[in-house]
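**Q** Be aware that the sequence shown starts at 18, since it is given in the working numbering, and climbs by one per residue. Got a structure for you, questions after.
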Amino acid sequence: MRRAEQEDKLAQLLRQRIGEEAYEKTTAFRDWLETQADPAPILALLSANK
């Protein structure tokens with residue numbers, strides 16, 4: 018999975034979990050995510066905890 022696809026999937030999962038309004042307020046998290054070399058572990062964690 019390409020990084021852009023991973024980021025899109027992560028954003029989708031977060032929107033489902035916390036709602037659109039809360040997601041838009043998570044700029045600190047998004048800024049942090051951009052500093053991560055590989056979002057796959059974060060994506061796996063969120064996907065596993067459905």
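Backbone N, C-alpha and C define an ideal beta-carbon position, used for all residues, glycine too.
How about R34 and P56: are their beta carbons less than 8 angstroms apart?
**A** No, Cβ-Cβ distance for R34 and P56 is not below 8 angstroms.
**Q** Return the first residue and the last residue of the alpha helix (DSSP H) that R19 is part of.
**A** Note, R19: premise wrong, no alpha helix (DSSP H); not H, not E.
**Q** By the 10 Å Cβ neighbour count, where 16 or more other Cβ atoms means buried, how is L27 classified, buried or exposed?
**A** Buried is the call here.
**Q** How should L62 be labelled, buried or exposed, when 16 other C-beta atoms within 10 angstroms of its C-beta is the threshold for buried?
**A** So L62 counts as exposed.
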